[in-house]
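Residue numbering for the sequence shown follows the numbering used here, starting at 36 and increasing by one per position.
Here the structure is laid out as structure tokens; the discussion comes afterwards.
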Amino acid sequence: MILGIGAEAGIFLYAVLAGVEVAAAYRILVCFRNLVVHSSWVMSLEDLIYWFGASVYIFRKMYETTYGGIRWFFVLGMLCGGATGYAVMKTAVKWCAGICGKKEKNEKSGRKSKKEKRK
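Written out as structure tokens, the structure is:
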């Protein structure tokens, strides 16, 4: 089945969104690991379950949007979405950690932040 360029662009964007969702799900798993101490075999089991679920999710999205055919623009969209999602979430985590770290340093030293000085 030959799709028009508009349909292919829509499917590409849908694939980008699916890639962001898969990257976000893995980031949530990593955050959970940081909160709760795990042994190595439990982390391996979590990874196995995650990748099984991610592969089923990706297959389902590909099947729904491209009617079961492997379209390379869908694969490229998933890769672009995963990379973009990873980069955005990594930046957001660093930004939040920086804010929380500065707040803790100000509280320890007794100094007030700029917002507190304005009040």
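Virtual Cβ for every residue (Gly too), placed ideally from N, Cα, C.
Just so we're clear, the structure is a prediction, and the values are computed from it rather than from any experiment.
Original post:
If residue 100 and residue 49 are in contact, beta carbons under 8 angstroms, what's the gap, nearest whole angstrom?
Top reply: Your numbering for residue 100 matches position 65 in the sequence shown. Your numbering for residue 49 matches position 14 in the sequence shown. Confirmed, about 6 angstroms.
Original post:
Of the choices 40, 97 and 57, whose alpha-carbon is the least far from that of residue 116?
Top reply: Here residue 116 refers to the residue found at position 81 when the sequence shown is read from its first residue. It is 57 whose Cα lies nearest to the Cα of residue 116.
Original post:
Leaving out the 5 sequence neighbours to the left and right, which residues in its chain are closer than 8 angstroms to residue 68 when beta-carbon positions are compared?
Top reply: For this step, residue 68 is matched to residue 33 along the sequence shown. The answer, listed in chain order, is 78 and 81.
Original post:
Is the Cβ-Cβ distance between residue 109 and residue 97 less than 8 angstroms?
Top reply: If you number the sequence shown from 1, residue 109 lands on position 74. If you number the sequence shown from 1, residue 97 lands on position 62. Yes, they are a contact pair.
Original post:
Could you give the distance in angstroms between the alpha-carbon of residue 43 and the alpha-carbon of residue 76?
Top reply: The residue given as residue 43 occupies position 8 in the sequence shown. The residue given as residue 76 occupies position 41 in the sequence shown. C-alpha separation (whole angstroms): 41 angstroms.
Subject >> Spatial neighbours of residue 121 in its chain, beta-carbon cut-off 6 angstroms, leaving aside the 5 residues before and after >> reply: Looking up residue 121 in the sequence shown gives position 86. Excluding positions up to five away in sequence, the list reads 58.
Original post:
In whole angstroms, what separates the C-alpha of residue 71 from that of residue 64?
Top reply: Residue mapping note: residue 71 aligns to position 36 of the sequence shown, counting from 1. Residue mapping note: residue 64 aligns to position 29 of the sequence shown, counting from 1. Whole-angstrom Cα-Cα distance: 11 angstroms.
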